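Engineer: In my numbering, the protein residues as written are 89 to 880.
Take this structure first; my questions come after.
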Amino acid sequence: MYHLIKHGLFVIIILLGVAENCNSQIQGSLTDSETGSPIPFANIAYNKGKAGTITDLNGQFTINTVSVDTIQISSLGYHTTTFHISQIESPAHLQLQPKTIELQGVDVFPGENPALVIMQKVLDNSSENNPDLASNYSCIVYHKMTFSLDIPDTLSTPDSTEQRFIDINRSNHLLLMESLSEKAHKVPDKTSEKIISGRVSGFKDPALAILPGLIQPFGFYSPEIELMSIKHLNPISKSGLKNYLFLLEDTLIEKGDSLFYITYQPRRRSNIKPLTGSFHIHKKTWGIRYLKAKSALSTSPYIIDISQSYDRVEKQWFPSELKSNLIIKPGEGFNSLPYAMAGNAKSIVTAVDLNPDLSKKKFSNIILEDKMPRNTGNIRSLRYEPLTAKDSSTYHLLDSIGKANNLDNIIRLQKELIRGYIPAGKFLIDMKHLIGYNQFEGLKLGLGLWTGPDLTKNLSLGGYYTRSFKAEMNNYGGGVKWKPSQKSRTQIETTFNHDMHSTGAFNFYHGSVLQLDEQLQELSVSIKDREERFLASAQTSLGTLSGKAFFSWSDVTPVRTYSFMPDATSPEAPFETMETGIRLRWAPGEKLTSTAFGLLPEPTNGLKLWVNIIKGTEKQEESKNNFTKLESQLEKSFRTGPASRTTVRVSAGMIDGWNNPGNIYSYFGTFEPVSVEVPGLFATMAPNEFAADQFLMTTFNHRIALRQNHPGNFKPEINFMTKAGWGVIASDYPDTIDSFEKGFYESGLIFDNLLQVLFIKYGFGAHYRYGPYQKTDVLDNWSFRVSISFSL
89 MYHLIKHGLF VIIILLGVAE NCNSQIQGSL TDSETGSPIP FANIAYNKGK AGTITDLNGQ
149 FTINTVSVDT IQISSLGYHT TTFHISQIES PAHLQLQPKT IELQGVDVFP GENPALVIMQ
209 KVLDNSSENN PDLASNYSCI VYHKMTFSLD IPDTLSTPDS TEQRFIDINR SNHLLLMESL
269 SEKAHKVPDK TSEKIISGRV SGFKDPALAI LPGLIQPFGF YSPEIELMSI KHLNPISKSG
329 LKNYLFLLED TLIEKGDSLF YITYQPRRRS NIKPLTGSFH IHKKTWGIRY LKAKSALSTS
389 PYIIDISQSY DRVEKQWFPS ELKSNLIIKP GEGFNSLPYA MAGNAKSIVT AVDLNPDLSK
449 KKFSNIILED KMPRNTGNIR SLRYEPLTAK DSSTYHLLDS IGKANNLDNI IRLQKELIRG
509 YIPAGKFLID MKHLIGYNQF EGLKLGLGLW TGPDLTKNLS LGGYYTRSFK AEMNNYGGGV
569 KWKPSQKSRT QIETTFNHDM HSTGAFNFYH GSVLQLDEQL QELSVSIKDR EERFLASAQT
629 SLGTLSGKAF FSWSDVTPVR TYSFMPDATS PEAPFETMET GIRLRWAPGE KLTSTAFGLL
689 PEPTNGLKLW VNIIKGTEKQ EESKNNFTKL ESQLEKSFRT GPASRTTVRV SAGMIDGWNN
749 PGNIYSYFGT FEPVSVEVPG LFATMAPNEF AADQFLMTTF NHRIALRQNH PGNFKPEINF
809 MTKAGWGVIA SDYPDTIDSF EKGFYESGLI FDNLLQVLFI KYGFGAHYRY GPYQKTDVLD
869 NWSFRVSISF SL
């Protein structure tokens, strides 16, 4: 009996010990004491810093409390806090108090900085730890994003309508979207991501579901980190090591591995678009284990806070979960409400396959493609995690509201506005013909109308009418356009126009996207010819090569003498031209995003080349002759520093066999004493002041952004420009034609971004004309300009 009692007591003690050990774990969450949002990657240290753990992306943690009396929790931007284990119950809900003061920059002190030494090793080993350089891979990524209004609990005495809105906001999201994408990458720079399923609350069309995957990059090793289309200098770059201060805050142990906890912020005098945040660096491999980064530029309507977690997959670091917190400031961007709008997104990476067999045929210059079916039901079987009660309530409420109010019309409006149209029932209003202005015609008002896909599917029939009030002329036209599908990159069209044509203009192919430069050039046109024109064309894209083949017939009637012919006393006789040609554009390094809103190019500094080859026939009175046009343009940009970029453009053209001066080049400039800045053309040369049948133009542009790391909204940009051109008349034309064979030169200085209203930036500057064609009166050599550009 004694032995039974002894052994029984021993067993009970063991069981009690096991039970106590099971209860010696504390699980919990860590949140912001003011907003209640989770705090990811916070450091939890105990045993005098010899042991510890880190909260995950959702602020969750688990602590083994055996022989632990206190824990110390720290995270960038929060006050370090100590908690006593005896006062914590599982599940624990701990909070940190955010710091109210953030430094704009810091000074650098002499002596070796251990954090900088570590970050140099991270940069040196980046090729082994960067997923895009280490190996080929494929994976599946589940994206989810919610939007809600950040309404303070301290709102004083809301009325009944406000209270009802507050109650709805607490139990539902303002917007919920999900998507699933298949991602593949081939070393070093071939990427393909196809979004195969998606759903957006309130909409049948899931087009907006592409957004969650665009907020932050997949990885953190590129020299620049793009957040919401704004490029920031990456701390893990050669320039980043010089422009950020790194501080080694702690060394932690995670599952036997040492992690260096390093914070970073911009140096006080650095002129960069900065990030602030922290890294957890794995000591053995110098790879990123966790990272946090925040962008809070004063000129941006957004505050973006991202987190990324990396896991070891076959001895290689690979992103496992990405999280983004997006704050849209009240009354800014597209948020017109008095409350901030909070967007929370996360991306979960699954089914990672390293070194798969990937064919080059799988890749093109389209790096992200919307392949979502319009039926959103299949996302139910593909989502990585179940919906919360709030998610389900949001879908139920907003889908019913969307159906009752046909919210999909908003998506349709966005799609057509990008193409230059306004939906009007089953028709599309052409924005180009609503209102216009140029020096020759004055104010132009009219209407252009085309059939939409609901009426004629992939075929569009339409026409337009405009009235030129200064020229007192009526303009009209119409045609037929056909695309194999709404998302196709191919289009065939035939049109007829009775309109005014800019004399001496040349242009290059840019696709179907409206070009701001071309719209601004139209303002300064001072001479136009009356033209009846028939045009048949087909355009398409093959990878990085795109272009248009065309045939045109024109009956041209000059209505004024040309400025470049000083001895002319009457307009030239009417003439006819027939042209067959091809306009090509090649951008070998350009990447494209294919969405339901169109094919959008990613910003790039890469080479761009345009080529036009045109054969034609010119007929005037009894004479008839054949001519050939060859035109080309080359453009290349260079990043010359964290805050500067240089762009060089060279344009050239020649026409051989011409017989009518209305068919040669003469629209090289846009001079007015005060006017709008027009990139690419001379600012101090008047339209049609000179003409040429052979020309060469060069543009050098150096842009420097100032005060990027300074408080306040004043972030000017200095734009230095120098242009030079040469044009000759090689043909033996009998009448006098002014050309600029001696060389035309001008230089200018534009202060951009002096004022920003919504998404439009305004600036001011001037250009000066010098060289052989400098004018006697000094003031006549100046052109003062207002610059206009768009920015988020």
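Quick reminder that beta carbons are idealized off the backbone N, C-alpha and C, glycines included.
Fair warning: this is a prediction, and the values are worked out from it, not measured in the lab.
Would you kindly work out how many angstroms separate the C-alpha atoms of Thr668 and Ile838, rounded to a whole number?
Structural biologist: Using only the alpha carbons, I get a separation of about 40 angstroms.
Engineer: Please report the Cβ distance between Thr143 and Leu184, rounded to the nearest whole angstrom; I am assuming they are in contact, meaning their Cβ atoms lie under 8 angstroms.
Structural biologist: The pair is not a contact, with the Cβ atoms about 10 angstroms apart (cut-off 8 angstroms).
Engineer: Using the C-alpha atoms, what's the distance from Ile159 back to Ile93?
Structural biologist: In this prediction, Ile93 has a pLDDT of 33, which is less than 50 and means its spatial position is unreliable; what the coordinates show is noted afterwards. Roughly 40 angstroms between the two C-alpha positions.
Engineer: Is it true that the region 733-746 meets the region 609-627, where meeting means three or more beta-carbon pairs spaced less than 8 angstroms apart?
Structural biologist: Not touching, per the Cβ criterion.
Engineer: How is the alpha helix (DSSP H) around Ile489 delimited, first residue to last?
Structural biologist: First-last of the alpha helix (DSSP H) with Ile489: 477-493.
Engineer: Can at least three beta-carbon pairs, one atom from the region 724-734 and one from the region 699-708, be found at a separation below 8 angstroms?
Structural biologist: Contact between the region 724-734 and the region 699-708 is absent, because fewer than three Cβ pairs lie under 8 angstroms.
Engineer: Do you know whose CA, among His273, Gln862, Ser386, His521, lies nearest Lys449's CA?
Structural biologist: For the residues His273, Gln862, Ser386, His521, the minimum Cα distance to Lys449 belongs to His273.
Engineer: May I have the straight-line CA-CA distance separating Ala381 from Leu363, to the nearest angstrom?
Structural biologist: Whole-angstrom Cα-Cα distance: 6 angstroms.
Engineer: Anyone know if the C-beta pair for Gly116 and Pro186 falls short of 8 angstroms?
Structural biologist: No, they are not a contact pair.
Engineer: Look at the alpha carbon of Val196 and the alpha carbon of Lys326, and state the distance between them as a whole number of angstroms.
Structural biologist: Caution is warranted here: a pLDDT of 47 is assigned to Val196, below 50, making its placement in the model unreliable, and no coordinate value can be reported.
Engineer: Drop a sphere of 10 angstroms on the beta-carbon of Ser386, count the other beta-carbons inside from all chains shown, and report buried for 16 or more, exposed for fewer.
Structural biologist: It is exposed - the Cβ of Ser386 has fewer than 16 other Cβ atoms within 10 Å.
Engineer: Relative to the alpha-carbon of Thr735, which residue among Lys803, Phe808, Ile670, Ser289 has its alpha-carbon at the smallest distance?
Structural biologist: Cα-wise, what sits closest to Thr735 is Phe808.
Engineer: Does DSSP put Ile100 in a helix, a strand or coil?
Structural biologist: Residue confidence is low: Ile100 scores 29 on pLDDT, short of 50, so the model does not pin down where it sits. Its coordinate-derived value is still stated next. Residue state, collapsed to three classes: helix.
Engineer: Express the C-alpha separation of Pro767 and Ile792 in angstroms, rounding to a whole number.
Structural biologist: Using only the alpha carbons, I get a separation of about 17 angstroms.
Engineer: With a threshold of 16 other CB atoms inside 10 Å of the CB of Glu660, please say whether the residue is buried or exposed.
Structural biologist: Buried: at least 16 other Cβ atoms inside 10 Å.
Engineer: Would you be able to state if there are at least three C-beta pairs under 8 angstroms between the region 853-873 and the region 753-773?
Structural biologist: Yes, since at least three Cβ pairs between the region 753-773 and the region 853-873 fall closer than 8 angstroms, the two stretches touch.
Engineer: Kindly list the residues whose CB is nearer than 6 angstroms to the CB of His91, restricted to its own chain and excluding five residues on each side of it in sequence; keep chain order.
Structural biologist: For His91, the predicted model reports a pLDDT of 40, less than 50, meaning its position is unreliable; a value from the coordinates is still stated below. Nothing listed; no residue qualifies.
Engineer: When the Cα atoms are used, what is the spatial distance from Ile360 to Ser310?
Structural biologist: In a straight line, the C-alpha of Ile360 is about 16 angstroms away from that of Ser310.
Engineer: Between Arg287 and Ala295, is the Cβ-Cβ spacing less than 8 angstroms?
Structural biologist: Not a contact, by the Cβ cut-off of 8 angstroms.
Engineer: Could you give the first and the last residue of the continuous alpha helix (DSSP H) run that contains Asn497?
Structural biologist: That run of the alpha helix (DSSP H) goes 496-507.
Engineer: Within 10 angstroms of its Cβ, does Tyr134 collect 16 or more other Cβ (buried), or is it exposed?
Structural biologist: Flag for Tyr134 reads buried.
Engineer: Taking Cβ positions, are Thr692 and Leu456 nearer each other than 8 angstroms?
Structural biologist: No, they are not a contact pair.
Engineer: With DSSP collapsed to three states, give me the class of Leu843.
Structural biologist: Strand, per DSSP.
Engineer: Roughly how many angstroms separate the alpha carbons of Glu829 and Ile392, rounded to a whole number?
Structural biologist: Spanning the two alpha carbons is a distance of roughly 53 angstroms.
Engineer: If we ignore side chains and look at the alpha-carbon of each, how far apart do Ile151 and Leu145 end up?
Structural biologist: Cα to Cα, Ile151 sits roughly 16 angstroms from Leu145.
Engineer: Pull up the distance between the alpha-carbon of Thr716 and that of Pro662, whole angstroms please.
Structural biologist: Going from the Cα of Thr716 to the Cα of Pro662 covers about 20 angstroms.
Engineer: Which of the three DSSP states is assigned to Asp445 in this structure?
Structural biologist: The answer is coil: DSSP assigns Asp445 none of H, G, I, E or B.
Engineer: Taking all protein chains shown into account, do 16 or more other C-beta atoms lie within 10 angstroms of the C-beta of Gln607, making it buried, or fewer, making it exposed?
Structural biologist: Exposed, by the Cβ-count rule.
Engineer: Count the other CB atoms within 10 Å of the CB of Gly831; is the residue buried (16 or more) or exposed (fewer)?
Structural biologist: Flag for Gly831 reads exposed.
Engineer: Compare the Cα-Cα distances from Val156 to each of Ser163, Thr168, Ser174, Phe149 and report the closest residue.
Structural biologist: Taking only the C-alpha atoms, the option nearest Val156 is Ser174.
Engineer: Kindly provide the ranges of any beta strand (DSSP E) runs that are 3 or more residues long and lie completely inside the region 643-694, ordered along the chain.
Structural biologist: List check, beta strand (DSSP E) in window: 663-674, 680-683, 686-689.
Engineer: Mind checking Asn109: buried by the 16 CB within 10 Å criterion, or exposed?
Structural biologist: With a pLDDT of 41 at Asn109, under the threshold of 50, the modelled position of this residue cannot be trusted; read the value that follows with caution. With fewer than 16 other Cβ atoms within 10 Å, it is exposed.
Engineer: I'd like the span of the beta strand (DSSP E) that includes Val275, first residue to last.
Structural biologist: No beta strand (DSSP E) holds Val275; DSSP gives it neither H nor E.
Engineer: May I have the straight-line CA-CA distance separating Ile376 from Gly431, to the nearest angstrom?
Structural biologist: Distance between the alpha carbons of Ile376 and Gly431 is about 25 angstroms.
Engineer: Enumerate in chain order the residues of its own chain whose CB-to-CB distance from Ser590 is below 7 angstroms, with the five nearest sequence positions on each side excluded.
Structural biologist: The residues are Val613, Lys616, Tyr755.
Engineer: Note the first and the last residue of the continuous beta strand (DSSP E) segment covering Thr234.
Structural biologist: That run of the beta strand (DSSP E) goes 225-238.
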